[in-house]
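A short worksheet on the structure shown next.
Here you go:
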């Protein structure tokens, strides 16, 4: 099995994904993540599903007397992340190849476990949360950030396009386990995993939503649409139909008179 086949479980994987993640992180900024992480300078922090390491580097800078560890199952992302951290001369950081379902760390290792835009891509989310809990120290905190309602709400509504989007998400959930409504489900999942002191904050996702017309956000969508094109072809039955739907979506997002809405859930818990 070649690398292309092995990466099918991450539908957004392509040659530009690390660049996209770097640019997306800049679009988001770090202020909201930092506020919800509420890090102490000495914290030992794990970033699960770190991708390019963009947020991991920000975390490392926020814990000058601690350290940040990024883990991702894709070795090519880890290589990229290590190069970027070295170029920025960040010392208190490391990156390890590791699957969220079987993390390569000892029990009770971290003060904080963080993940962003990860759990919606994992079928076995309860297993992942159990792993997050395992590697947390007693009293340690978990903070997860995930979207809710992506590709669901826009106004004025293009009903035909919305039906096509709904079909895509239904098949993505059935075949890949991707849940576009995961954010609202995480608080109960945290409770079921045994976390306590659950806190939830809900804000608009300004990168996956907002008015159209922003070239940076349009590029972000364009790269993601290219990544999912093979699956979209399966959903819609032909290359031509998939291309038409993708072009229609990009056109919609490029219009400054159309507003797309997606929520972003920050959910925090503590290991007893």
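Residue numbers (our numbering): 15 to 286. The C-beta atom is built at its ideal place from N, Cα and C for all residues, glycine as well. For clarity, every value in this text was computed on a predicted model and none was experimentally measured.
Go ahead and pull the three-state DSSP assignment for residue i.
| i | result |
| --- | --- |
| residue 103 | coil |
| residue 174 | helix |
| residue 194 | coil |
| residue 32 | helix |
| residue 21 | Confidence is the limiting factor: at residue 21 the pLDDT is only 41, short of 50, which leaves the residue's position unreliable, though a coordinate-based value still follows. Residue 21 falls in the helix class under three-state DSSP. |
| residue 207 | helix |
| residue 85 | strand |
| residue 129 | strand |
| residue 168 | strand |
| residue 277 | strand |
| residue 236 | helix |
| residue 212 | strand |
| residue 251 | coil |
| residue 218 | strand |
Select from the options the residue whose C-alpha is nearest the C-alpha of residue i.
| i | options | result |
| --- | --- | --- |
| residue 114 | 129, 123, 188 and 125 | 129 |
| residue 48 | 96, 137 and 158 | 158 |
| residue 280 | 266, 44, 229 and 214 | 214 |
| residue 170 | 93, 225 and 256 | 225 |
| residue 195 | 142, 232, 134 and 233 | 134 |
| residue 126 | 83, 87 and 90 | 83 |
| residue 166 | 273, 44 and 190 | 273 |
| residue 76 | 64, 55 and 62 | 55 |
| residue 285 | 209, 242, 266 and 255 | 209 |
With distances taken between CB atoms, is the gap from residue i to residue j smaller than 8 Å?
| i | j | result |
| --- | --- | --- |
| residue 152 | residue 122 | yes |
| residue 163 | residue 275 | yes |
| residue 3 | residue 149 | The question about residue 3 has no answer, for the chain in this structure spans 15 to 286. |
| residue 37 | residue 230 | yes |
| residue 95 | residue 66 | yes |
| residue 85 | residue 39 | no |
| residue 42 | residue 259 | no |
Check the Cβ-Cβ distances between residue i and every residue of chain D, and say whether any is below 8 Å.
| i | result |
| --- | --- |
| residue 261 | Note that chain D does not occur in the displayed structure, where there is just one protein chain. |
Assuming residue i and residue j form a contact by the criterion Cβ under 8 Å, report the distance between their Cβ atoms to the nearest whole angstrom.
| i | j | result |
| --- | --- | --- |
| residue 283 | residue 217 | Not a contact, Cβ separation roughly 18 Å. |
| residue 143 | residue 247 | Not confirmed; about 33 Å, so no contact. |
| residue 116 | residue 145 | 7 Å |
| residue 228 | residue 278 | 17 Å between Cβ atoms; not a contact. |
For residue i and residue j, I'd like the C-alpha separation in whole angstroms.
| i | j | result |
| --- | --- | --- |
| residue 51 | residue 168 | 30 Å |
| residue 17 | residue 238 | A caution first: residue 17 carries a pLDDT of 40, below 50, which makes its placement in the model too unreliable to give a value. |
| residue 27 | residue 136 | 14 Å |
| residue 53 | residue 161 | 22 Å |
| residue 185 | residue 57 | 40 Å |
| residue 250 | residue 257 | 10 Å |
| residue 177 | residue 202 | 29 Å |
| residue 155 | residue 78 | 19 Å |
| residue 270 | residue 80 | 44 Å |
| residue 102 | residue 131 | 24 Å |
| residue 189 | residue 244 | 14 Å |
| residue 193 | residue 253 | 24 Å |
| residue 173 | residue 24 | 29 Å |
| residue 92 | residue 205 | 31 Å |
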